[in-house]
Every structure is written in structure tokens, then in C-alpha cells.
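Asker: Note that the UniProt record's numbering gives residue 165 to position 165 of the sequence shown, counting from 1, and the numbers run on in steps of one.
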Amino acid sequence: MNRFEELIAPHLDAAYNLARWITGNDAAARDVVQESALRAFRFLQRFADGNAKAWFLTIVRNESYTWLKASAGRHWVTIDDETGDIDGALSHGQSPELLTIHTENAALLQQALSALPPAFREVIVLKDLEDLPYKDIALVVDIPIGTVMSRLARARAMLKLELLKWHDNE
Numbered sequence: 001m002n003r004f005e006e007l008i009a010p011h012l013d014a015a016y017n018l019a020r021w022i023t024g025n026d027a028a029a030r031d032v033v034q035e036s037a038l039r040a041f042r043f044l045q046r047f048a049d050g051n052a053k054a055w056f057l058t059i060v061r062n063e064s065y066t067w068l069k070a071s072a073g074r075h076w077v078t079i080d081d082e083t084g085d086i087d088g089a090l091s092h093g094q095s096p097e098l099l100t101i102h103t104e105n106a107a108l109l110q111q112a113l114s115a116l117p118p119a120f121r122e123v124i125v126l127k128d129l130e131d132l133p134y135k136d137i138a139l140v141v142d143i144p145i146g147t148v149m150s151r152l153a154r155a156r157a158m159l160k161l162e163l164l165k166w167h168d169n170e
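#1: What residue does the alpha helix (DSSP H) around N62 start on, and which one ends it?
#2: Using the Cα positions of Y134 and W55, report the straight-line distance between them to the nearest angstrom.
#3: Using the rule of at least 16 other Cβ atoms within 10 Å of the residue's Cβ for burial, across every protein chain shown, is E63 buried or exposed?
#4: Among A155, L7, R121, which one has its Cα closest to the Cα of F43?
#5: Can you tell me the Cβ-Cβ gap for T58 and L152, rounded? I've got them flagged as a contact below 8 Å.
#6: Mapping DSSP to helix, strand and coil, what is F47?
#7: On the criterion of 16 or more Cβ atoms from any shown chain inside 10 Å, does R46 qualify as buried, or is it exposed?
#8: For my contact list, L159 and A112 are in at a C-beta cut-off of 8 Å; report their separation, rounded to the angstrom.
#9: Tell me the DSSP secondary structure of E130 in three-state form.
#10: Give me the Cα-Cα distance between K53 and H11, rounded to the nearest whole angstrom.
#11: Please list the terminal residues of the continuous alpha helix (DSSP H) segment that includes N2.
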């Protein structure tokens, strides 16, 4: 149990973020992370040494795609149970106007990122949100490092186009 807590537990937030962006569903992401953690715990003896985060995120990625295949054709409704803490946000020196702009920009970015195909979305999440090096992304996604770099460039270009579409519609 100590080895699991040392190697896997620190990466649960990153695992949730990746699962959430791949599945597009909060409840599914929690289920995927739980199943992935169980799988990692069960097969921890197979992990020698190396990058535990990349190993665990590989499991999360595979479980996420398994969930997507199993849920194909189903329609999911996501209920966001998080409430914004406006008072807490304002206490950090932001004006209501800046907080509104930040919130709108974050929502716009989230919508644009969600519009990307999962293969492109995952490389952006792993690089730009989780700050993984290219070599670790290559391990997680199981593609050559050159493909990671080209896919990331294409994903960023696609994201830019999505953002421009959303901006033009306003």
C-alpha cells in the first residue's frame, strides 16, 4: 500500500483531468480514475522503475477509451455540482469585471477544447495542462515522439480555429 501511495496517489488529479477531457463526463472520469487506480494497484508489482505518472496515465487513457467504446450511442447528461466561489475569487484582488472576463474566457477555451477529437485533445491536455514532457506523452499515448510533436502542433492549430469560430459567433 505504501508503494501505491508513493507512486500513484500524487497523480490522481492529473488522472482525473485526463479522463475528464477524454470522456467529457465528470462521473465517467471519476469511475475511470477509480478503475484505473484499482488496476494500477493490482499490477503495481509489474511496474519496475521509471516514470510512475506516465505509467498511470497510460492506464487512465486506456480505461477512458474503453469507457468511450462501451458508452457509444448513449447520451449523457453532466450535472456540474461545483459552485463558483465569487467572494473567494474577489478576495484575491480581482474586480468583478476581470472575474467575469476570466470566467468567460475559461468557458470559451473549455468549449473549444471539448470540440477537438480525443486524439488531439489528449495531447494538449497532457502537454499544456499537465506539463508532461514530449517523451512521457509518447509513452502515455503510445506513439513516436515526432508524432506527439506534430499532433500537438495540429491540435493547437485546430484549437485556434475553434476559438476563432466561437469568437466570430459572438
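Backbone N, C-alpha and C fix where the C-beta goes; we use that ideal spot for every residue, glycine too.
Answerer: On the basis of the coordinates in this document:
#1: Counted from its first residue, the sequence shown places residue 62 at position 62. Taken as a continuous stretch (DSSP letters only), the alpha helix (DSSP H) holding N62 covers 52–70.
#2: Counted from its first residue, the sequence shown places residue 134 at position 134. Counted from its first residue, the sequence shown places residue 55 at position 55. Roughly 14 Å between the two C-alpha positions.
#3: Position 63 of the sequence shown, counting from 1, holds the residue named residue 63. Counting of Cβ neighbours within 10 angstroms places E63 among the buried residues, the total reaching 16 or more.
#4: Against the sequence shown, residue 43 aligns to sequence position 43. Answer by Cα proximity: L7.
#5: Taking the first residue of the sequence shown as 1, we reach residue 58 at position 58. Taking the first residue of the sequence shown as 1, we reach residue 152 at position 152. Wrong, their Cβ atoms sit about 17 Å apart, outside the cutoff.
#6: As a position in the sequence shown, residue 47 is number 47, starting the count at 1. In the three-state scheme derived from DSSP, where H, G and I count as helix and E and B as strand, F47 is classed as coil.
#7: Here the question's residue 46 lines up with position 46 in the sequence shown. With fewer than 16 other Cβ atoms inside 10 Å of its own Cβ, R46 counts as exposed.
#8: Position 159 of the sequence shown holds residue 159. Position 112 of the sequence shown holds residue 112. With a beta-carbon spacing of about 6 Å, L159 and A112 fall inside the 8 Å limit used to define contacts.
#9: The count along the sequence shown starts at 1 and reaches residue 130 at position 130. Annotated three-state conformation of E130 is coil, per DSSP.
#10: Taking the sequence shown and counting its residues from 1, the one referred to as residue 53 is at position 53. Taking the sequence shown and counting its residues from 1, the one referred to as residue 11 is at position 11. Approximately 6 Å, taken between the alpha carbons.
#11: Position 2 of the sequence shown, counting from 1, holds the residue named residue 2. First-last of the alpha helix (DSSP H) with N2: 2–7.
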